[in-house]
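Data block below; observations after.
2 protein chains.
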Amino acid sequence: MKTVGIVVEYNPLHNGHVLHYERSKALTGADAVVAVMSGPFLQRGEPAIASKRARAEMALRMGADLVIELPVAYAVQPAEWFAHGAVALLAGTGVVDSLCFGSESGTLEQLLPLARLLARETEQLQAEMANRLQQGDNFPAAYAAAAAAVFAQGEHDAESLRQMLARPNNSLGLHYLIALERLKASIKPYTIPRESAQYHDQVPGSASIASATAIRRLILTEGLQAVSPYIPEYTLDILEREMENGQAPMHWERFRQPLLQTLLTRGPQQLETLHEVTEGLEFRIRRQLPRLAEPTVEALLDALKTKRYTRTKLQRMLVHVMLNHGKARMSRSALAEGPGYLRILGFSSTGRTLLKRMKKTASLPVVMKPSAFEHPQLDLDLRAAAVYAAGCPQPLLGQLYSDYLLPPVTI
Amino acid sequence: MKTVGIVVEYNPLHNGHVLHYERSKALTGADAVVAVMSGPFLQRGEPAIASKRARAEMALRMGADLVIELPVAYAVQPAEWFAHGAVALLAGTGVVDSLCFGSESGTLEQLLPLARLLARETEQLQAEMANRLQQGDNFPAAYAAAAAAVFAQGEHDAESLRQMLARPNNSLGLHYLIALERLKASIKPYTIPRESAQYHDQVPGSASIASATAIRRLILTEGLQAVSPYIPEYTLDILEREMENGQAPMHWERFRQPLLQTLLTRGPQQLETLHEVTEGLEFRIRRQLPRLAEPTVEALLDALKTKRYTRTKLQRMLVHVMLNHGKARMSRSALAEGPGYLRILGFSSTGRTLLKRMKKTASLPVVMKPSAFEHPQLDLDLRAAAVYAAGCPQPLLGQLYSDYLLPPVTI
Numbered sequence: 016m017k018t019v020g021i022v023v024e025y026n027p028l029h030n031g032h033v034l035h036y037e038r039s040k041a042l043t044g045a046d047a048v049v050a051v052m053s054g055p056f057l058q059r060g061e062p063a064i065a066s067k068r069a070r071a072e073m074a075l076r077m078g079a080d081l082v083i084e085l086p087v088a089y090a091v092q093p094a095e096w097f098a099h100g101a102v103a104l105l106a107g108t109g110v111v112d113s114l115c116f117g118s119e120s121g122t123l124e125q126l127l128p129l130a131r132l133l134a135r136e137t138e139q140l141q142a143e144m145a146n147r148l149q150q151g152d153n154f155p156a157a158y159a160a161a162a163a164a165v166f167a168q169g170e171h172d173a174e175s176l177r178q179m180l181a182r183p184n185n186s187l188g189l190h191y192l193i194a195l196e197r198l199k200a201s202i203k204p205y206t207i208p209r210e211s212a213q214y215h216d217q218v219p220g221s222a223s224i225a226s227a228t229a230i231r232r233l234i235l236t237e238g239l240q241a242v243s244p245y246i247p248e249y250t251l252d253i254l255e256r257e258m259e260n261g262q263a264p265m266h267w268e269r270f271r272q273p274l275l276q277t278l279l280t281r282g283p284q285q286l287e288t289l290h291e292v293t294e295g296l297e298f299r300i301r302r303q304l305p306r307l308a309e310p311t312v313e314a315l316l317d318a319l320k321t322k323r324y325t326r327t328k329l330q331r332m333l334v335h336v337m338l339n340h341g342k343a344r345m346s347r348s349a350l351a352e353g354p355g356y357l358r359i360l361g362f363s364s365t366g367r368t369l370l371k372r373m374k375k376t377a378s379l380p381v382v383m384k385p386s387a388f389e390h391p392q393l394d395l396d397l398r399a400a401a402v403y404a405a406g407c408p409q410p411l412l413g414q415l416y417s418d419y420l421l422p423p424v425t426i
Numbered sequence: 016m017k018t019v020g021i022v023v024e025y026n027p028l029h030n031g032h033v034l035h036y037e038r039s040k041a042l043t044g045a046d047a048v049v050a051v052m053s054g055p056f057l058q059r060g061e062p063a064i065a066s067k068r069a070r071a072e073m074a075l076r077m078g079a080d081l082v083i084e085l086p087v088a089y090a091v092q093p094a095e096w097f098a099h100g101a102v103a104l105l106a107g108t109g110v111v112d113s114l115c116f117g118s119e120s121g122t123l124e125q126l127l128p129l130a131r132l133l134a135r136e137t138e139q140l141q142a143e144m145a146n147r148l149q150q151g152d153n154f155p156a157a158y159a160a161a162a163a164a165v166f167a168q169g170e171h172d173a174e175s176l177r178q179m180l181a182r183p184n185n186s187l188g189l190h191y192l193i194a195l196e197r198l199k200a201s202i203k204p205y206t207i208p209r210e211s212a213q214y215h216d217q218v219p220g221s222a223s224i225a226s227a228t229a230i231r232r233l234i235l236t237e238g239l240q241a242v243s244p245y246i247p248e249y250t251l252d253i254l255e256r257e258m259e260n261g262q263a264p265m266h267w268e269r270f271r272q273p274l275l276q277t278l279l280t281r282g283p284q285q286l287e288t289l290h291e292v293t294e295g296l297e298f299r300i301r302r303q304l305p306r307l308a309e310p311t312v313e314a315l316l317d318a319l320k321t322k323r324y325t326r327t328k329l330q331r332m333l334v335h336v337m338l339n340h341g342k343a344r345m346s347r348s349a350l351a352e353g354p355g356y357l358r359i360l361g362f363s364s365t366g367r368t369l370l371k372r373m374k375k376t377a378s379l380p381v382v383m384k385p386s387a388f389e390h391p392q393l394d395l396d397l398r399a400a401a402v403y404a405a406g407c408p409q410p411l412l413g414q415l416y417s418d419y420l421l422p423p424v425t426i
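Protein chains in written order, with my numbering: chain B, 16 to 426; chain Y, 16 to 426.
In structure tokens, the structure reads:
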């Protein structure tokens with residue numbers, strides 16, 4: 016059974032995702048699809064619009080066969096660690112033979128040789144990085160520029176490479192390829208062209224494809240019906256049910272009070288112990304808090320933002336602060352050990368067959384019942400799910416720990 | 016100018032408080048009244064129904080002349096430290112010559128000699144205390160029994176003393192007297208009889224007097240108009256305004272999310288560093304959290320309660336956890352230093368005269384502009400006010416730090 020892996024957030028699952036899913040299957044000739052999906056908090060440092068169970072259900076309804084949770088320790092990270100965690104999970108199943116991701120460039124021609132070089136992380140690359148960061152570049156910009164400088168043949172080539180890597184999906188794709196190299200995974204990479212512009216669109220574009228960002232914004236401002244042209248019917252049904260149950264739509268402002276309370280009651284010394292609170296941001300937080308235009312997460316992000324700190328970096332920092340993620344737990348050496356388990360969020364009947372095969376092939380423990388498994392990363396996932404649940408419009412009775420008691424979603 | 020001191024919470028100010036105020040003036044023959052008032056969090060470990068500014072305004076409208084804030088480091092403490100902080104502030108003004116408090120016994124006859132003995136905190140008392148606590152008594156019960164055992168002449172006398180001290184206002188009064196002894200304050204104590212039963216009444220009693228607890232419950236369940244027989248018109252007006260502005264009514268459930276987030280994301284080791292998290296309560300919290308009937312503060316208190324831990328002790332612990340009050344800052348030696356300043360929350364025209372006199376008489380700095388003064392206890396007051404403000408139904412623009420920017424209330 017040929018099996019393709021995809022890495023997703025489905026926030027929420029929309030028509031563009033369905034297209035990617037179908038093309039991935041067609042391009043790789045796969046019979047089954049394994050999706051690695053982020054839990055309650057996402058790569059750009061935002062809470063997902065609906066719970067991971069609801070989003071896993073969407074994935075299964077679309078046709079995915081197995082949904083594996085990317086632990087929060089990897090899910091809320093820069094491209095490098097996000098990709099490393101996701102690829103390690105796909106490789107860990109022992110049943111995935113290809114990986115298909117969207118990229119603006121739509122080809123691996125430039126990315127593959129670059130990944131082979133960068134996987135070794137030469138001293139030259141590190142020196143270039145340090146140099147750019149010192150000049151005040153933010154991390155993604157510094158990485159793109161350093162990689163281009165190290166790899167390119169001449170000035171013109173370097174600039175075109177730098178521009179290519181400045182596109183978010185090219186950059187993420189590069190890191191999937193680097194992770195495949197480093198993990199020596201026997202998984203064949205594929206890419207499908209996608210327009211990065213869609214991602215940042217605030218207003219739906221033409222036809223039936225709109226970016227997830229635009230869709231979330233529409234849901235929050237105009238309600239669920241407004242996005243029906245852009246999402247499959249099952250996404251609509253599932254979101255409708257979650258909203259009726261007071262479990263969605265979730266967004267940053269629902270965490271305003273715990274986030275402000277944490278920042279207000281912890282001095283710079285305590286904040287500095289947390290992941291991503293770096294380079295004096297603890298003092299910047301202290302200085303900016305009393306000057307907030309209003310007590311909202313949005314106002315806080317505005318107040319903290321500088322050229323050096325992207326909104327994404329700041330949002331991720333706020334997630335780590337809110338979840339009390341200490342620096343030691345999130346250190347490079349801790350993350351380099353990779354995810355410690357395959358947490359199954361849901362599976363189809365084909366997924367059940369994959370799970371049977373995985374009893375022999377998986378190099379990581381398969382976790383169907385989280386309450387019967389112990390791992391420090393799983394503790395963090397539990398925290399994240401409980402804090403997320405506590406932020407719901409109507410937290411359900413006994414819901415805080417439901418993540419650890421309910422079996423995977425099946426359809 | 017004869018000046019009487021009173022210690023209040025005004026949660027909210029009701030007809031019973033007005034009666035106490037008038038009797039205090041009459042009994043002491045005072046021309047002016049100084050009220051020491053708790054800030055946003057109260058002695059029994061609860062958020063006040065309205066902000067300290069609103070409550071200071073009620074006090075001034077009633078006729079109080081000067082309202083001084085009891086720092087949160089003393090306000091959310093057992094009777095011993097609460098009384099010590101309050102009496103130290105009254106003594107620190109240098110203008111207060113009497114203190115009048117309500118007590119169930121209505122006389123100082125038994126309390127005064129007891130206070131003189133207990134102020135020395137003999138080894139015998141400490142041994143008796145340790146003994147009772149080890150037998151599983153909670154702190155107030157152990158103290159009452161130990162004090163009775165040390166002081167009483169014979170079995171019968173001990174039992175009647177123990178019963179007398181079991182009444183909350185007698186116990187608090189005893190600690191005011193002990194504090195006066197220890198601080199060698201030249202302030203003459205008076206007491207006025209009050210019925211303790213009223214305090215715990217859940218339903219308003221006869222006539223126009225109802226307990227603050229009953230009044231708060233009525234406001235939350237039936238609205239403000241339901242309590243108009245029990246509160247002065249200005250309390251009604253001020254509460255109405257605060258509710259219209261989305262600043263009241265405040266109660267524990269408004270802090271559900273930050274409290275749960277704090278407990279969910281901090282392991283036992285981190286919780287144990289906080290004040291009042293003692294005797295393994297950090298493990299009890301960890302065990303009980305996943306078993307909550309619903310994600311509410313009420314359910315949490317129910318789950319944590321045992322014979323040994325009174326609801327009050329647990330509520331205070333939750334305040335300290337939410338405000339991140341470390342054990343070191345709240346240690347006996349830190350508290351024994353006393354409050355470091357007189358924070359003026361409001362004053363009348365007579366209060367202005369008192370403030371002028373205090374320029375010569377006060378033994379503590381008088382703080383009219385908190386932003387121009389630095390003290391670790393004031394930092395804690397700032398935190399408390401900001402966390403309180405963030406929990407309001409509609410946190411106002413720039414309100415989080417308004418406590419530090421607005422001048423005292425005047426009428």
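Quick reminder that beta carbons are idealized off the backbone N, C-alpha and C, glycines included.
Fair warning: this is a prediction, and the values are worked out from it, not measured in the lab.
- Using a Cβ-Cβ cut-off of 7 Å, N339 (chain B) is close to T280, R281 of chain Y, given in chain order.
- Bounds of any beta strand (DSSP E) do not take in E237 (chain B); it lies within the alpha helix (DSSP H) bounded by 227–237.
- Nearest in C-alpha terms to N339 (chain Y), of all of B:A343, B:Y416, B:Y249, B:L286, is B:L286.
- If only complete runs of 3 or more residues are kept, the region 109–178 of chain B shows the beta strand (DSSP E) at 113–118, in order along the chain.
- Rounded to the nearest whole angstrom, the CA to CA distance from A159 (chain B) to H190 (chain B) is 12 Å.
- In terms of CA proximity to L239 (chain Y), Y:E255 leads the group Y:E255, Y:T228, Y:A229.
- For A90 (chain B), the enclosing alpha helix (DSSP H) starts and ends at 87–90.
- Closest in alpha carbon position to S201 (chain B), among B:E174, B:G20, B:E352, B:Q272, is B:G20.
- Taking 8 Å as the threshold, the shortest C-beta distance from Y416 (chain Y) to chain B falls below it.
- Annotated three-state conformation of K203 (chain Y) is strand, per DSSP.
- The beta carbon of A194 (chain B) is closer than 6 Å to those of A98, H99, V102 in its chain, skipping five residues each way along the sequence.
- Inter-residue distance for A161 (chain B) and L180 (chain B) is about 10 Å (C-alpha atoms, whole angstroms).
- Annotated three-state conformation of G261 (chain B) is coil, per DSSP.
- Distances from the CA of S417 (chain Y) to each of B:K17, B:R326, B:A308 were compared; the closest alpha carbon is that of B:A308.
- The region 392–399 of chain Y makes contact with the region 79–95 of chain Y; the number of CB pairs closer than 8 Å reaches 3 or more.
- Here R326 (chain Y) has L316, K320 as same chain residues with Cβ atoms under 7 Å from its own Cβ, once five neighbours each way along the sequence are excluded.
- Spanning the alpha carbons of G341 (chain Y) and T288 (chain Y) requires a straight line of approximately 6 Å.
- Within the model, the alpha-carbon separation for P422 (chain Y) versus L28 (chain Y) is close to 22 Å.
- The criterion of a C-beta distance shorter than 8 Å is satisfied by R68 (chain B) and V424 (chain B).
- The distance from the Cβ of Q330 (chain Y) to that of A405 (chain B) is about 19 Å, inconsistent with a contact at the 8 Å cut-off.
- Residue nearest to M345 (chain B) within the set B:T368, B:E291, B:L176, B:E248 is B:E291 (criterion: CA-CA distance).
- In this chain, the beta strand (DSSP E) harbouring M52 (chain Y) covers 47–53.
- Under the 8 Å criterion on CB atoms, A134 (chain B) is classed as non-interfacial with respect to chain Y.
- About 19 Å separates the beta carbons of G169 (chain Y) and L126 (chain Y), which is beyond the 8 Å limit, so they are not a contact pair.
- In this structure, G366 (chain B) and D172 (chain B) do not form a Cβ contact; the two beta carbons are roughly 44 Å apart against a cut-off of 8 Å.
- Look at the region 373–403 of chain Y: the residues with a C-beta under 8 Å from a C-beta of chain B are R398, A401, V402.
- Between the alpha carbons of K375 (chain Y) and K17 (chain Y) lies a gap of roughly 17 Å.
- Annotation: Cβ neighbours of G406 (chain B) in chain Y (cutoff 9 Å, chain order): Q272, Q276.
- E95 (chain B) sits buried, since 16 or more C-beta atoms from the chains shown fall within 10 Å of its C-beta.
- With a beta-carbon spacing of about 6 Å, G107 (chain Y) and L357 (chain Y) fall inside the 8 Å limit used to define contacts.
- In this structure, A50 (chain B) sits near A74 (chain B), with a CB-CB distance shorter than 8 Å.
- Collapsing the DSSP output to three states places I300 (chain B) in a helix.
- Per DSSP, R358 (chain B) is not a residue of any alpha helix (DSSP H); the beta strand (DSSP E) it occupies stretches across 357–362.
- Cβ contact annotation for R372 (chain B) (same chain, cutoff 6 Å, sequence separation greater than five): V110, in chain order.
- In this structure, the CA atom of G151 (chain Y) is about 26 Å from the CA atom of E119 (chain Y).
- Straight through space, the alpha carbons of S113 (chain B) and P310 (chain Y) are spaced by roughly 43 Å.
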